[in-house]
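**Q**
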Amino acid sequence: MPLIINHIILVLLWGLFGILHSLLAAGWWKQIMQRWLGTHYKYYHFSYSVFAALSLTGVLIFQYSVESPLLYTVPVCVKLVLCLPALVGLLIMGVVIKKYFFSLSGISVFYKQQPPVVLEQGGMHRYVRHPLYFGTLLFIWSLFLIYPYLNNGLACFVITVYTVLGARLEEKKLVAQFGQKYVTYKKQVPMLIPGLFPTSG
């Protein structure tokens, strides 16, 4: 019974993380915080990033502290092959985070020079609209196939659902921000998986 309960808690924690992440990034919530915080609102993005990092760390600590059953055995040769997409996903995540750390983390509030708001269409954005999400999904699913424990599978499922829904919510904000320019971009480049037929959804 504790095994089942722990895995239910794990799913709930990942779900709560996704809900809070989306809520705190929502435009209507930011407007509320802006009215409440006043001039201190400029620190909201940075505080949000710190909270997201700490809560993510907490969920991961719980996930890997849970005793979880192995779903199937993976041959060593298969594990070695799967290391390649896992490393590619990790590399993509690293490149994107490094490139956009200044704006993604909110640390720019501590600098006088603010990063310009532009619609990025070069680099990996030529192949997929959300390269960070693609890299994340590639990494976590490859990791699950290498280490097919139930806790990893549940985490992958919840993260994937949240990522798809979150990407759609984010794109509504991007359309509002960049207008027809982003609508055209959506028709040319797939959302999450390179090579797929582009969709405006």
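If you read the sequence shown in full-length UniProt numbering, its first letter stands for residue 1, the second for the next number, and so on.
All C-beta atoms, glycine included, are put in the ideal place defined by N, C-alpha and C.
Exposed or buried, which one is E171 when buried takes at least 16 other CB atoms within 10 Å?
**A** Buried: at least 16 other Cβ atoms inside 10 Å.
**Q** What's the C-alpha gap between S174 and V76?
**A** A small fix is needed here, since residue 174 is Leu in this sequence, not Ser. Their Cα atoms are separated by approximately 43 Å.
**Q** Can you give me the C-alpha to C-alpha distance between S68 and L192, rounded to a whole angstrom?
**A** 29 Å
**Q** If K181 and R129 are in contact, beta carbons under 8 Å, what's the gap, nearest whole angstrom?
**A** Wrong, their Cβ atoms sit about 13 Å apart, outside the cutoff.
**Q** Near N151, what residues of its chain come up, given a Cβ to Cβ distance below 7 Å and the 5 sequence neighbours on each side ignored?
**A** H7, L10, Q63, V66, S68
**Q** Span of the alpha helix (DSSP H) holding P75?
**A** Looking at the DSSP string, P75 is not in any alpha helix (DSSP H), and its letter there is neither H nor E.
**Q** Give the single residue among L37, Q177, G135, I159 whose Cα lies nearest to the Cα of V117.
**A** For V117, the nearest C-alpha among the options comes from Q177.
**Q** Which residue marks the beginning of the alpha helix (DSSP H) containing Y64, and which one marks its end?
**A** 44–65
**Q** In this structure, how does DSSP classify Y149 when only helix, strand and coil are distinguished?
**A** strand
**Q** Please classify F134 as buried or exposed, where buried requires at least 16 neighbouring CB atoms within 10 angstroms.
**A** buried
**Q** In angstroms, rounded to a whole number, what distance separates the CA positions of C156 and W141?
**A** 6 Å
**Q** Going straight from the alpha carbon of L137 to that of G179, what length do you get?
**A** Their backbone Cα atoms lie some 28 Å apart in a straight line.
**Q** On the three-state DSSP scale, how would you describe P69?
**A** Under the three-state reduction of DSSP, P69 is assigned to coil, being neither helix nor strand.
**Q** Would you call W14 buried or exposed, if buried means 16 or more other Cβ atoms sit within 10 Å of its Cβ?
**A** buried
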